[in-house]
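Chemist: Have a look at this one before I ask anything.
Residue numbers (the working numbering): -11 to 228.
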């Protein structure tokens, strides 16, 4: 077992079933993560707002509130990486969770090693998003009248309006802005070697970004779909 150290990512686990919570925390702790377990949605939100977890694992079936509402309030108040844990296997629930800002989901019953792998995958995406490639310490990007501040997950519109991005949206936008005018595959955008052809997570996040960028989904001018290949960010980008 690898002992955690101060720089080890902190994982908040929202799960009301003690046996499942113990399994999650034991699995993550074994691989060096630091875990904090909370049992109710309200307790979890209060703790998340007062602390800074690197990733939250959120069960959808809770005793005091719906897990989707927890994800919504978490992203509105303290945007961070989110992995949804659910016994629901309906596609609509999974898509809704992604629409609300979750990064991934895993269905019960789950294999602990898969859970750890997904946590690591999400955190790798955020670590890459936090360090702009080939732009040294520059954290702000300007494009088409917009300004993106990657350090604050903030997007400023040409008219001065400031929009908050979820951690998932900020990571995806940073990836697009680092490689403007180049086609990026779903694998590149997710940071994964193998993506299920039916995985809609990137499409959902692209849709959210287009809405925030006022990019017409029927005729997008910034984030263009290249059918059969991926997506292309069509604008000049300046990192400052």
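Even glycine gets a Cβ: it sits at the ideal position worked out from N, Cα and C.
This structure is a prediction, so every number in the text was calculated from the model and none was measured.
Would you mind sorting residue 124 into buried or exposed? The rule is 16 or more other CB atoms within 10 Å of its CB.
Modeler: If you number the chain shown from 1, residue 124 lands on position 136. A caution first: residue 124 carries a pLDDT of 44, below 50, which makes its placement in the model unreliable, though a value can still be read off. Under a 10 Å Cβ-count criterion, residue 124 is classified as exposed, with fewer than 16 other Cβ atoms of the shown protein chains found around its own Cβ.
Chemist: Going by other Cβ atoms of all chains shown within 10 Å of its Cβ, with 16 needed for buried, is residue 41 buried or exposed?
Modeler: Against the chain shown, residue 41 aligns to sequence position 53. When all chains shown are included, residue 41 counts as buried.
Chemist: Taking the alpha-carbon positions, what's the residue 76 to residue 224 distance?
Modeler: The residue given as residue 76 occupies position 88 in the chain shown. The residue given as residue 224 occupies position 236 in the chain shown. Roughly 42 Å separates the two Cα atoms.
Chemist: Near residue 82, what residues of its chain come up, given a Cβ to Cβ distance below 7 Å and the 5 sequence neighbours on each side ignored?
Modeler: For the purposes of this step, residue 82 is identified with residue 94 of the chain shown, where counting begins at 1. 93.
Chemist: Is the beta carbon of residue 60 sitting closer than 8 Å to the one on residue 88?
Modeler: Locating residue 60 in the chain shown gives position 72, where the first residue counts as 1. Locating residue 88 in the chain shown gives position 100, where the first residue counts as 1. In terms of Cβ geometry, residue 60 and residue 88 form a close pair [threshold 8 Å].
Chemist: Does the Cβ of residue 189 have 16 or more other Cβ atoms within 10 Å, making it buried, or fewer, making it exposed?
Modeler: In the chain shown, residue 189 corresponds to position 201, counting from 1. Counting Cβ neighbours within 10 Å, residue 189 comes out buried, since at least 16 surround it.
Chemist: Closer than 6 Å by C-beta to residue 27: which residues in its own chain qualify, once you throw out the five before and the five after it? Chain order, please.
Modeler: Start at 1 with the first residue of the chain shown, and residue 27 comes out as number 39. Around residue 27: 4.
Chemist: Tell me the residue span of the alpha helix (DSSP H) that contains residue 92.
Modeler: Sequence index remark: in the chain shown, residue 92 carries index 104 (1-based). Segment 92 to 95 is the beta strand (DSSP E) holding residue 92; no alpha helix (DSSP H) there.
Chemist: If you scan the stretch 12 to 47 from start to end, which runs of the alpha helix (DSSP H) of 4 or more residues do you find wholly inside it?
Modeler: 29 to 38
Chemist: DSSP beta-bridge partners for residue 144?
Modeler: Reading the chain shown from its first residue, position 156 is the one you call residue 144. In the DSSP output, where bridge partners are listed per residue, residue 144 has 135, 150.
Chemist: Can the beta-carbon of residue 91 be found less than 8 Å from the beta-carbon of residue 62?
Modeler: Here the question's residue 91 lines up with position 103 in the chain shown. Here the question's residue 62 lines up with position 74 in the chain shown. No, Cβ-Cβ distance for residue 91 and residue 62 is not below 8 Å.
Chemist: Measuring alpha carbon to alpha carbon, tell me which of 37, 74, 85 ends up nearest residue 57.
Modeler: Along the chain shown, one-based indexing puts residue 57 at 69. Minimum Cα distance to residue 57 is reached at 85.
Chemist: From which residue to which residue does the beta strand (DSSP E) around residue 229 run?
Modeler: No answer is possible for residue 229: it lies beyond the span of the chain, which begins at -11 and ends at 228.
Chemist: Going by the beta-carbon positions, is the gap between residue 171 and residue 201 smaller than 8 Å?
Modeler: Along the chain shown, read from residue 1 onward, the residue named residue 171 stands at position 183. Along the chain shown, read from residue 1 onward, the residue named residue 201 stands at position 213. It is not a contact, given that the beta carbons lie outside the stated cut-off.
Chemist: Beta-carbon within less than 8 Å of residue 150's beta-carbon, same chain only, minus the 5 sequence neighbours each way: which residues are those?
Modeler: Here residue 150 refers to the residue found at position 162 when the chain shown is read from its first residue. Taken in chain order, the residues that qualify are 142, 143, 144.
Chemist: Can you tell me which of 139, 64, 6 puts its alpha carbon nearest to the alpha carbon of residue 114?
Modeler: Stepping through the chain shown from its first residue, residue 114 is reached at position 126. The shortest Cα separation from residue 114 among 139, 64, 6 belongs to 139.
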